[in-house]
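A.B. asks: Under my numbering, the residue at position 125 of the sequence shown is numbered 167, and the numbers go up by one with no gaps.
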Amino acid sequence: MSWAWAAADRAGTPVVYMATMDRDFMVALRTEALASGQASEEDLEGAEHHGRAAVRITTEVGVTPWLGAKRGAMAAHASQITEDSFFLQMPEDVFANVWGQEWYIRVRPEPVGLGDGVRETGLLVSVDGTLAGGAARQEVGR
Numbered sequence: 043m044s045w046a047w048a049a050a051d052r053a054g055t056p057v058v059y060m061a062t063m064d065r066d067f068m069v070a071l072r073t074e075a076l077a078s079g080q081a082s083e084e085d086l087e088g089a090e091h092h093g094r095a096a097v098r099i100t101t102e103v104g105v106t107p108w109l110g111a112k113r114g115a116m117a118a119h120a121s122q123i124t125e126d127s128f129f130l131q132m133p134e135d136v137f138a139n140v141w142g143q144e145w146y147i148r149v150r151p152e153p154v155g156l157g158d159g160v161r162e163t164g165l166l167v168s169v170d171g172t173l174a175g176g177a178a179r180q181e182v183g184r
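#1: Is it a yes or a no for the segment 62 to 70 touching the segment 120 to 132, going by three-plus beta-carbon pairs under 8 Å?
#2: Pull the bridge partners of T101 from the DSSP assignment, please.
#3: Would you mind reading off the limits of the beta strand (DSSP E) that contains T62?
#4: From V160 to A138, what does the alpha carbon distance come to, in whole angstroms?
#5: How big is the Cα-Cα spacing for A53 and S121?
#6: Name the residue from P151, H91, A111 and D158 whose alpha carbon lies nearest to the alpha carbon of T55.
#7: Should W145 be labelled buried (16 or more other beta-carbon atoms within 10 Å of its own) or exposed?
#8: Do you know how far the Cα of E102 is from the Cα of G114?
#9: Using the Cα positions of A118 and L156, report the straight-line distance between them to the nearest angstrom.
#10: Over the uninterrupted alpha helix (DSSP H) stretch that includes T73, give me the two end residues.
What follows is the structure, encoded as structure tokens:
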């Protein structure tokens with residue numbers, strides 16, 4: 043992670059987020075998928091070890107409007123996700139439930155009042171380029 047910090051410092055990036063997955067959400071989905079017969083133990087092996095516990099997550103962003111692009115990007119990485127993989131075989135509704143949000147932990151500046159189940163709000167950018175609450179999105183300088 044030190045190279046990431048160095049890059050953020052050099053670019054003058056004031057806020058840094060670490061991408062993760064909500065482990066508690068994924069374990070709940072795993073339990074549901076196994077109970078309904080939609081997936082096997084082999085399909086979901088290791089789910090309890092991915093990501094971070096929900097209480098550590100500071101930021102959640104809904105990405106449902108971009109699911110088509112997300113599925114396409116996953117399919118484009120054939121060396122990591124084969125076309126017959128469990129992930130790409132998910133029906134649209136299941137794919138949306140699993141991949142319709144992304145999670146982050148704000149690591150710089152140290153978040154105050156976030157974590158322990160409290161999440162940052164107002165970061166969602168809509169398809170028309172506005173932030174949650176209707177504010178215009180600001181372009182970031184280089």
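The beta-carbon is built from N, C-alpha and C at its ideal position, and this holds for glycine as well.
C.D. replies: Put simply:
#1: No contact exists between the segment 62 to 70 and the segment 120 to 132.
#2: Note: T101 sits in a beta bridge opposite Y146 and E162.
#3: In the DSSP assignment, T62 falls within the beta strand (DSSP E) that extends over V58 to T62.
#4: Inter-residue distance for V160 and A138 is about 23 Å (C-alpha atoms, whole angstroms).
#5: The alpha-carbon atoms of A53 and S121 are separated by roughly 31 Å.
#6: The shortest CA-to-CA distance from T55 to any of P151, H91, A111 and D158 is the one to P151.
#7: W145 is buried by the Cβ-count criterion.
#8: So the two alpha carbons sit approximately 22 Å from each other.
#9: Roughly 35 Å between the two C-alpha positions.
#10: It spans R65 to S78 - the alpha helix (DSSP H) in which T73 sits, taken as one unbroken run.
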